[in-house]
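Count the sequence shown with the numbering used here and you get residues 345 to 707, in order. Glycine included, C-beta positions come from ideal geometry on N, C-alpha and C. Since the structure comes first, as structure tokens, the remarks are kept for the end.
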Amino acid sequence: MKVHNSLPVITSNSINLGEGNQSTKQGQTIANKVSTESIIRQANLPNTTLNREVISTLLKENLPLTNSELPIILNWIEEVDDIPRAIETIKVVIRGENPINRTNLAGIYAFFDKEQLSAQLVKLQQLLTDHPLKTEENVAKLIMKLEEITQFNPIERMMTKNQKGFQFIYEIMRNFGLVSQVDEIDSENTLKTLLQTALSEFKGDIKVSEQMERIVHRLYGMQQFTQEQGHIQQVLLQLPLKIGDFHTDLTLQWSGKKNNKGQIDPEFCQVLFYLNLEQLGDTVIDMKIQQRVLSLTIYNKFNEIDEIMSQLKPMLKQGLESHGYHLSQIRYCTPVQEEDRINTVLSTNHLFTADLSSVDVKI
Numbered sequence: 345m346k347v348h349n350s351l352p353v354i355t356s357n358s359i360n361l362g363e364g365n366q367s368t369k370q371g372q373t374i375a376n377k378v379s380t381e382s383i384i385r386q387a388n389l390p391n392t393t394l395n396r397e398v399i400s401t402l403l404k405e406n407l408p409l410t411n412s413e414l415p416i417i418l419n420w421i422e423e424v425d426d427i428p429r430a431i432e433t434i435k436v437v438i439r440g441e442n443p444i445n446r447t448n449l450a451g452i453y454a455f456f457d458k459e460q461l462s463a464q465l466v467k468l469q470q471l472l473t474d475h476p477l478k479t480e481e482n483v484a485k486l487i488m489k490l491e492e493i494t495q496f497n498p499i500e501r502m503m504t505k506n507q508k509g510f511q512f513i514y515e516i517m518r519n520f521g522l523v524s525q526v527d528e529i530d531s532e533n534t535l536k537t538l539l540q541t542a543l544s545e546f547k548g549d550i551k552v553s554e555q556m557e558r559i560v561h562r563l564y565g566m567q568q569f570t571q572e573q574g575h576i577q578q579v580l581l582q583l584p585l586k587i588g589d590f591h592t593d594l595t596l597q598w599s600g601k602k603n604n605k606g607q608i609d610p611e612f613c614q615v616l617f618y619l620n621l622e623q624l625g626d627t628v629i630d631m632k633i634q635q636r637v638l639s640l641t642i643y644n645k646f647n648e649i650d651e652i653m654s655q656l657k658p659m660l661k662q663g664l665e666s667h668g669y670h671l672s673q674i675r676y677c678t679p680v681q682e683e684d685r686i687n688t689v690l691s692t693n694h695l696f697t698a699d700l701s702s703v704d705v706k707i
């Protein structure tokens, strides 16, 4: 995903505060207000508080948008419940150079849902298990798929199947239905396809159909974050994770490069894990691999994290060596202040607009 620099917000009638001569914050605020009202008049839009807020945000952040795209965004945002999340969604879609349409907006918006994917899947599984249509073929297949995914332990699966790096991630993407080039038989059994097929069975059941649609949109949002720029590949996934009886989400951002044969190179990659653990709370793990030498940086505000990891280090080192990797170091970082929350490490700017070329050299 590329970041636009110094482009007009409304391209048909160029308005760009980034190139103005305002020298004070007060002057910029006045110019922003005038430009916002001018755009509303030019586009013949309702002069509502919400419309002004959205347009003002686009102006402040110098995000490019055409006159034809603006009504799509403003009509869509009127239908959602979480306005701050919707505004973040709009910013991400524009910065990622994705087409401005309702499908893309709904997908990214669902990706940022505060409710965890694991909770959404478990809720749907319970709704279907108690539903009169649970024995229907399409519904029964979906229930089985939900059972498989909600009991998923990616760490255990990776070790027992001896899968490496992107091979493991690719299998998850296939299972979710995020890969376009798959066999027809595989495609019919992906989570996304099973959800879309079963939806026709629940047209009259709003509670079930809405829950299904939320998950479908979320899967589509993940699909939009699978990027390929030259020899650099990036994948962003949210995975349900079961640790004992505890359900949580594992957000995984994988960035790697292809070798001369066009294949993913397992010796060079960077993986960012974010998860909320039952005892340790918010945790971010930054894993960097260069020539099969692996280093870890762990972000957690739990003071005893270094003591816990020192006990686990021998087992971790042994497990990595069995897969041909060498553990060079483990670093621990604790936020100094409460406002420096762990989730800022996974800010939208970092996730979706980072320059992935750094994977080549600085890992």
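### Query
Looking only at C-alpha atoms, which of Arg675, Tyr453 and Lys586 sits nearest to Gln568?
Locating residue 568 in the sequence shown gives position 224, counting from the first residue. Among Arg675, Tyr453 and Lys586, the Cα nearest to that of Gln568 is on Tyr453.
#### Entry: Own chain residues within Cβ distance below 6 Å of Ile416, not counting five before or after
Counting from one through the sequence shown, the residue named residue 416 turns up at place 72. For Ile416, where only same-chain residues beyond five positions count, the Cβ hits under 6 Å are Ile444.
### Message
Does the CB of His575 have a neighbour CB from chain C at under 7 Å?
### Response
Reference to chain C is not applicable here, since this structure consists of a single protein chain.
### Task
Have a look at Ile434, Glu651 and Thr393 and flag the residue whose alpha-carbon is nearest the alpha-carbon of Tyr676.
The residue labelled residue 676 in the question sits at position 332 within the sequence shown. Across the set Ile434, Glu651 and Thr393, the C-alpha of Glu651 shows the shortest separation from the C-alpha of Tyr676.
#### Entry: Closest by C-alpha distance to Lys467, when choosing among Leu543, Leu490, Leu664 and Thr479
Working through the sequence shown from its first residue, we reach residue 467 at position 123. When C-alpha distances from Lys467 are compared across Leu543, Leu490, Leu664 and Thr479, the shortest belongs to Leu490.
### Task
Since I believe Gln495 is in contact with Asp593 (beta carbons under 8 Å), could you give me their beta-carbon distance rounded to a whole number of angstroms?
As a first step, residue 593 is located in the sequence shown; it is residue number 249 there, counting from the start. As a first step, residue 495 is located in the sequence shown; it is residue number 151 there, counting from the start. About 15 Å separates the Cβ atoms of Asp593 and Gln495, ruling out a contact at the 8 Å cut-off.
### Task
Could you check what DSSP says for Asn520 in three-state terms: helix, strand or coil?
Locating residue 520 in the sequence shown gives position 176, counting from the first residue. The displayed chain sequence assigns Phe, not Asn, to residue 520. In this structure, Phe520 counts as helix in the three-state DSSP scheme.
### Query
Under a three-way DSSP split, which group does Ser639 fall into?
In the sequence shown, counting from the first residue as 1, residue 639 sits at position 295. Collapsing the DSSP output to three states places Ser639 in a strand.
### Task
Return the bridge partner residues of Tyr564 from the DSSP annotation.
Mapped onto the sequence shown, residue 564 falls at position 220. Its beta-bridge partners do not exist; DSSP assigns none.
### Message
Tell me the DSSP secondary structure of Val437 in three-state form.
### Response
Position 93 of the sequence shown, counted from the start, is the residue given in the question as residue 437. In the displayed model, Val437 falls within a helix according to three-state DSSP.
### Query
Using DSSP with H/G/I as helix, E/B as strand and the rest coil, what is Lys632?
Locating residue 632 in the sequence shown gives position 288, counting from the first residue. Strand, per DSSP.
#### Entry: Cβ contact check for the region 536-545 and the region 481-489: 3 or more pairs under 8 Å
By the criterion of at least three beta-carbon pairs nearer than 8 Å, the region 536-545 is in contact with the region 481-489.
### Task
May I ask you to report which of helix, strand or coil DSSP gives Lys657?
Taking the sequence shown and counting its residues from 1, one reaches residue 657 at position 313. Reduced to three states, the DSSP call for Lys657 is helix.
### Where the alpha helix (DSSP H) containing Lys467 begins and where it ends
Start at 1 with the first residue of the sequence shown, and residue 467 comes out as number 123. Per DSSP, Lys467 belongs to the alpha helix (DSSP H) from Leu461 to Thr473.
### Query
Whose CA, out of Leu583, Leu581, Asp626 and His575, lies closest to the CA of Lys605?
Here residue 605 refers to the residue found at position 261 when the sequence shown is read from its first residue. Comparing C-alpha distances from Lys605 to each of Leu583, Leu581, Asp626 and His575 shows the shortest one belongs to His575.
#### Entry: Contacting residues, own chain, Cβ-Cβ under 6 Å from Leu616 (five flanking each side not counted)
Translated into the one-based positions of the sequence shown, residue 616 becomes position 272. For Leu616, the CB contacts under 6 Å within the same chain, skipping 5 residues up- and downstream, are Gln597 and Asp630 in chain order.
### Query
Which of helix, strand or coil does DSSP assign to Gln597?
The residue you call residue 597 lines up with position 253 of the sequence shown. Strand, per DSSP.
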